[in-house]
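First up is the structure itself, then whatever we jot down about it.
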Amino acid sequence: MASLMEVLIDVLEQENQEYEALLNLSMKKTPVIVSEDLDQLAKITDEEQIIVSRINHLDNQRNEAFNDIANVLNKDVEKLKIVDLIKMMAARPEEQRKLAEVFDRLQENVRNVKRINEQNRELIEAALDLVHFNISVLQAVNKAPETANYNKGAYNTGDVIGASYKAFDAKQ
4 MASLMEVLID
14 VLEQENQEYE
24 ALLNLSMKKT
34 PVIVSEDLDQ
44 LAKITDEEQI
54 IVSRINHLDN
64 QRNEAFNDIA
74 NVLNKDVEKL
84 KIVDLIKMMA
94 ARPEEQRKLA
104 EVFDRLQENV
114 RNVKRINEQN
124 RELIEAALDL
134 VHFNISVLQA
144 VNKAPETANY
154 NKGAYNTGDV
164 IGASYKAFDA
174 KQ
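So this is what it looks like as structure tokens:
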């Protein structure tokens with residue numbers, strides 16, 4: 004059982020390190036989103052995918068170790084939680100302390116990653132809303148009603164209201 008606990012603690016520590024790396028990337032992503040640097044955003048996203056892949060692998064290892072511990076303790080895997088396991092470890096205070104510390108750090112990092120990702124999601128949605136608005140404005144200019152201007156031959160010139168130019172000037 005002791006070696007199973009060591010494996011679980013080790014996997015949780017590795018998983019925590021990966022979440023710390025993911026948190027750092029998420030924090031780097033925020034100013035990149037604001038500055039609209041799509042190349043840098045793509046690089047960060049690629050790095051995130053690699054870390055998420057490693058987290059998934061560690062998550063599988065953690066589940067295996069946790070299942071083994073639940074079997075040794077003759078507990079239902081579906082009902083046993085790490086918090087319960089920490090409470091059960093009262094007879095082994097050193098392992099209990101290590102497990103509690105790594106679990107608390109992991110939970111904190113996961114919460115921080117969720118918070119930063121939510122913030123980044125809101126920034127991206129705001130940027131997309133602005134893009135949609137700009138597209139709508141440009142489309143509205145092209146669909147504006149025609150004026151009733153006629154030339155010397157009594158033909159409609161078909162000028163569009165407010166559309167004296169065809170290009171969008173980003174500097175204005």
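Here the sequence shown is numbered in the numbering used here, starting from 4 and rising by one per residue. Built from N, CA and C at the ideal position, the CB exists for glycine as well. These numbers were taken from a predicted model, which means no experiment stands behind them.
What's the call for A68, buried or exposed, on a 16-neighbour Cβ count within 10 Å?
The residue in question, A68, is buried, as its Cβ has 16 or more Cβ neighbours within 10 Å.
CB-CB under 8 Å to A103, same chain, minus the five flanking residues each way: which ones, in chain order?
Counting only Cβ-Cβ distances below 8 Å, and skipping sequence neighbours, we find I89.
Tell me the rounded alpha-carbon separation between Q20 and Q110.
Their backbone Cα atoms lie some 12 Å apart in a straight line.
With C-beta atoms as the reference, is R65 less than 8 Å away from V105?
The answer is no: Cβ separation not under 8 Å.
Measure how close the beta-carbons of S56 and V116 come, nearest whole angstrom, since I'm counting them as under 8 Å.
That belief does not hold up - the Cβ atoms of S56 and V116 are roughly 15 Å apart, past 8 Å.
So for V80, helix, strand or coil by DSSP?
Residue state, collapsed to three classes: coil.
Can you tell me whether V80 is buried or exposed? The criterion is at least 16 other CB atoms within 10 Å of its CB, across all chains shown.
With fewer than 16 other Cβ atoms within 10 Å, it is exposed.
What residues in its chain sit with their C-beta under 7 Å from that of I47, if we drop five residues either side in the sequence?
L28, K31, K32, V35.
Taking R57 as part of the alpha helix (DSSP H), name the residues at either end of that continuous run.
Taken as a continuous stretch (DSSP letters only), the alpha helix (DSSP H) holding R57 covers 41 to 75.
So, at 8 Å on beta carbons, what are the nonlocal neighbours of L61 in its own chain, with the 5 sequence-adjacent residues on each side left out?
Cβ within range, chain order: V14, Q17, E18, E21.
In the DSSP assignment, find the unbroken alpha helix (DSSP H) run with M91 in it and report its ends.
Unbroken alpha helix (DSSP H) run through M91: 85 to 91.
What does the Cβ neighbour count give for N112, buried or exposed, with the cut at 16 atoms within 10 Å?
Buried.
Quick one: residues in its chain with C-beta nearer than 7 Å to the C-beta of L7, no 5 flanking neighbours on either side, listed in chain order?
Here the set comprises A68, D71, I72, V75.
Please return the same chain residues whose Cβ sits closer than 8 Å to the Cβ of L44, not counting the five positions on each side in sequence.
Result list for L44: K32, V35, I36, in chain order.
Considering only residues of the same chain and omitting the five flanking positions on each side of V10, which have a CB-CB separation below 6 Å?
Contacts found: A68.
My output table needs one value for R124: the three-state DSSP class, helix, strand or coil.
Correct three-state label for R124: helix.
Could you tell me the alpha carbon to alpha carbon distance between L133 and K82, rounded to whole angstroms?
Straight-line Cα distance between these residues: approximately 47 Å.
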